[in-house]
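Asker:
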Amino acid sequence: MNALPSTDPMATQAWCRALFSQLVECGVTHVAASPGSRSTPMTVAADRTPGLEVSMHLDERAGGFFALGLARATGRPVALLCTSGTAAANYLPAMVEAFHSGVPLVALTADRPPELQGVGAPQAIDQDRIYGSHVRWAITTAVAGTESSGEAASVAHQAVVRATRPSPGPVHLNVPLREPLEPPADDPPPTGLLPLPPDRVPVEAGCLNELVTGPDRPERGLIVAGPMDPTSAGVTALAKLARRTGWPILADPVSGLRRGPHVTHAPVLATGDHLLRSGWADDLRPDVVVQLGAMPTSKGYRLWLDRVGVGRLVAVDHLGRFPDTALLVTDRVAAEPGRVATHLVDRLADLTTGDDGTSDWTRTWITAEVTATSAVADVVAAAPFDEPGVVAALDVALPDTATLVVGNSMPLRDVDAFLPVDHRNWSVLGNRGANGIDGQVSTAIGVAAGSDAPTVLLTGDLTLLHDLGGLTAARRLGVDLTVVVVDNDGGGIFSFLPIAQESHIDHQRLFHTPHGLDLSHVAVLADATLHKPTDRPSLEAVLGGTVETSGLHLIHVRTDASTNVRLHREAAQAVDHALCAKEIGQ
Numbered sequence: 001m002n003a004l005p006s007t008d009p010m011a012t013q014a015w016c017r018a019l020f021s022q023l024v025e026c027g028v029t030h031v032a033a034s035p036g037s038r039s040t041p042m043t044v045a046a047d048r049t050p051g052l053e054v055s056m057h058l059d060e061r062a063g064g065f066f067a068l069g070l071a072r073a074t075g076r077p078v079a080l081l082c083t084s085g086t087a088a089a090n091y092l093p094a095m096v097e098a099f100h101s102g103v104p105l106v107a108l109t110a111d112r113p114p115e116l117q118g119v120g121a122p123q124a125i126d127q128d129r130i131y132g133s134h135v136r137w138a139i140t141t142a143v144a145g146t147e148s149s150g151e152a153a154s155v156a157h158q159a160v161v162r163a164t165r166p167s168p169g170p171v172h173l174n175v176p177l178r179e180p181l182e183p184p185a186d187d188p189p190p191t192g193l194l195p196l197p198p199d200r201v202p203v204e205a206g207c208l209n210e211l212v213t214g215p216d217r218p219e220r221g222l223i224v225a226g227p228m229d230p231t232s233a234g235v236t237a238l239a240k241l242a243r244r245t246g247w248p249i250l251a252d253p254v255s256g257l258r259r260g261p262h263v264t265h266a267p268v269l270a271t272g273d274h275l276l277r278s279g280w281a282d283d284l285r286p287d288v289v290v291q292l293g294a295m296p297t298s299k300g301y302r303l304w305l306d307r308v309g310v311g312r313l314v315a316v317d318h319l320g321r322f323p324d325t326a327l328l329v330t331d332r333v334a335a336e337p338g339r340v341a342t343h344l345v346d347r348l349a350d351l352t353t354g355d356d357g358t359s360d361w362t363r364t365w366i367t368a369e370v371t372a373t374s375a376v377a378d379v380v381a382a383a384p385f386d387e388p389g390v391v392a393a394l395d396v397a398l399p400d401t402a403t404l405v406v407g408n409s410m411p412l413r414d415v416d417a418f419l420p421v422d423h424r425n426w427s428v429l430g431n432r433g434a435n436g437i438d439g440q441v442s443t444a445i446g447v448a449a450g451s452d453a454p455t456v457l458l459t460g461d462l463t464l465l466h467d468l469g470g471l472t473a474a475r476r477l478g479v480d481l482t483v484v485v486v487d488n489d490g491g492g493i494f495s496f497l498p499i500a501q502e503s504h505i506d507h508q509r510l511f512h513t514p515h516g517l518d519l520s521h522v523a524v525l526a527d528a529t530l531h532k533p534t535d536r537p538s539l540e541a542v543l544g545g546t547v548e549t550s551g552l553h554l555i556h557v558r559t560d561a562s563t564n565v566r567l568h569r570e571a572a573q574a575v576d577h578a579l580c581a582k583e584i585g586q
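Heads up: the sequence shown begins at 1 in this note's numbering, then just goes up one per residue.
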């Protein structure tokens, strides 16, 4: 009878330490790990590596989204670490979101060695390329310790390079490990490490060079900023580009452009969805639309393009998405939007004098924005307390510097419809890569862990229930977070669908999916303080008392899906009537 191969524990630990030391050398400072047996040598090595913080997560799916939020908040790649089997499979939702959002993650999955594959060993599944096409790079290494520690450093170096350039995103290292898994007490000798090369990807602005800086720049241009994570320098450059060209920015709530000091000097619009749904906008066919990042949340934008068309539609994106649901994109620029804007602004400064491209076109959109903002505010002020009132309370009560994480489905659309432009330096984030509701709480916890600004999560009830495991980790991880949950006992967004009006369909049971749970009990489970405001003033007061206070706070707001549907439609009608009454741009 042949004995199974064994390994030298010191060689295994030397390999693992080299892997993590190289990750630190390349800028990784955090590992979100989950407990397991097969991953023991890697977990211990991570914990012993100077410069590396290790957080423990009981649920791999929640741990994956925590890492995603942390990477977005810090701008640095974050490592994941788990044992073999379905533990690795539970990273898939976060890896998918990271891939489509351009967030650098390094997933380290422990695996059974080759001799234990296909023989019925426990927790042994095919983990090679388990994340399919949703990674920038994937490799199954040699069994840890069977190659030199220099090889471990090399693969870690390559992992960070692939995760951060030219298009950031997740990578996967699958690491087979042999028993014995217990590491020795002594430290292995150090390994030579590789420096991270500078990121010097040239900016290619493509057709925008001529469109923006040429002598025949179109006057009727729009910049449509979809979900993206621009740097502060990128935000400044995009605002300057809008000001120099006179092309207004229709800013998605998670574009990074709706809030901040830049809005005082640039034509940034928050009511784009209302404006483009109005018949008023049908007479404003643009010559060019520059679409940045992912597809905007606004359905009104897509419907408007279908109705009026566009001379040229230039999609700018460094992640290869180039969203084109209306099939109208004429040009694609594969570069990060903020860097493209910096390049174009520099060229404009070299070619022209002055700093203001404002025209009748620009003034028409700005006047419409002011009119629409006032009309929407009047609707919210007269409305019963519901989702729009929650957004209005957040607008009033959050401090000048805050991070608002917005859950997918209805909360994001409420924010899109009711959160105005403002000069306060907010960061508004959302998982708009794959647009799923999973992992939203864990993402917010990761954001809070990586940010000095007070963090608030606005979420729906189903989204909260989908990530209770993440919520229960907040106290254990020592994270300060305020969670505002709007509870309409189900999926309120489906009440906007035409099928909600079909009498032969049991919409309430099949789509709204009421859960019938009292979410107040969640606060006890997660050891959170509980607040149950019943009107806008009391919500503002609760936010004022929790947002910059340590600990986990759950603010439970009961709402009604049908009321929210009505208020959205009333706001759209009010904007349409106000624009037509003023005859703006006519």
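Yeah, the Cβ is synthetic: ideal placement off N, Cα and C, and Gly gets one too. These numbers come from a predicted model, not from an experiment.
Count the other CB atoms, across all protein chains shown, that sit within 10 Å of the CB of S442; report buried if there are 16 or more and exposed otherwise.
Answerer: Buried is the call here.
Asker: Using a 10 Å radius around the Cβ and a threshold of 16 neighbouring Cβ atoms, would you call R285 buried or exposed?
Answerer: Classification of R285: exposed, given that the 10 Å Cβ count is below 16.
Asker: Since M95 is in the alpha helix (DSSP H), which residue starts that stretch and which ends it?
Answerer: M95 -> alpha helix (DSSP H) spans 92 to 101.
Asker: Go ahead and pull the three-state DSSP assignment for I125.
Answerer: Three-state DSSP puts I125 in coil, outside helix and strand.
Asker: What are the boundary residues of the alpha helix (DSSP H) that includes L275?
Answerer: It spans 272 to 277 - the alpha helix (DSSP H) in which L275 sits, taken as one unbroken run.
Asker: Please state the DSSP three-state secondary structure of R220.
Answerer: Three-state DSSP puts R220 in coil, outside helix and strand.
Asker: R312 bridges to which residues according to DSSP?
Answerer: According to DSSP, R312 bridges with V288.
Asker: In three-state terms, what does DSSP make of H531?
Answerer: In this structure, H531 counts as strand in the three-state DSSP scheme.
Asker: Please determine if the stretch 127 to 147 and the stretch 67 to 80 are in contact, where contact requires at least 3 C-beta pairs separated by less than 8 Å.
Answerer: No, because fewer than three Cβ pairs between the stretch 127 to 147 and the stretch 67 to 80 fall closer than 8 Å, the two stretches do not touch.
Asker: Please go through the stretch 16 to 60 and give each complete alpha helix (DSSP H) segment of 4 or more residues, from N-terminal end onward.
Answerer: Qualifying alpha helix (DSSP H) stretches, in chain order: 40 to 48.
Asker: Can you check which of these residues, H134, R17, L394, is closest to Y91 by C-alpha distance?
Answerer: Answer by Cα proximity: H134.
Asker: Since P168 and A107 are thought to touch, with beta carbons under 8 Å apart, how far apart are those beta carbons, to the nearest angstrom?
Answerer: Not a contact, Cβ separation roughly 14 Å.
Asker: Which value, in whole angstroms, describes the spacing of the CA atoms of G279 and V405?
Answerer: Taking the straight line from one Cα to the other gives about 32 Å.
Asker: Starting from R347, follow the beta strand (DSSP E) in both directions and report where the run begins and ends.
Answerer: It is not in any beta strand (DSSP E) - R347 instead sits in the alpha helix (DSSP H) that spans 337 to 351.
Asker: Which class does T559 belong to by DSSP, given the choice of helix, strand or coil?
Answerer: Note: T559 maps to coil in three-state DSSP.
Asker: Please tell me whether M56 and P41 are closer than 8 Å, where the distance is taken between their beta carbons.
Answerer: No, Cβ-Cβ distance for M56 and P41 is not below 8 Å.
Asker: Suppose you measure from the CA of L468 to the CA of G120; what does that come to, to the nearest Å?
Answerer: Those two C-alpha atoms are separated by around 33 Å.
Asker: Pick helix, strand or coil for T362, following the three-state DSSP scheme.
Answerer: It is helical.
Asker: Are L462 and G439 close, meaning C-beta to C-beta below 8 Å?
Answerer: Not closer than 8 Å, so no.
Asker: Suppose contacts are defined by Cβ-Cβ distances below 8 Å. Is T403 in contact with T455 by that definition?
Answerer: Yes, Cβ-Cβ distance for T403 and T455 is below 8 Å.
Asker: Within the continuous alpha helix (DSSP H) that includes G389, where are the two ends?
Answerer: 387 to 397 is the extent of the alpha helix (DSSP H) around G389.
Asker: Please state the DSSP three-state secondary structure of P537.
Answerer: Here P537 sits in helix by DSSP.
Asker: Using the three-state DSSP reduction, which class does N209 fall into: helix, strand or coil?
Answerer: Correct three-state label for N209: helix.
Asker: Taking Cβ positions, are L344 and V329 nearer each other than 8 Å?
Answerer: No; because the gap between Cβ atoms is not below 8 Å, this pair is not in contact.
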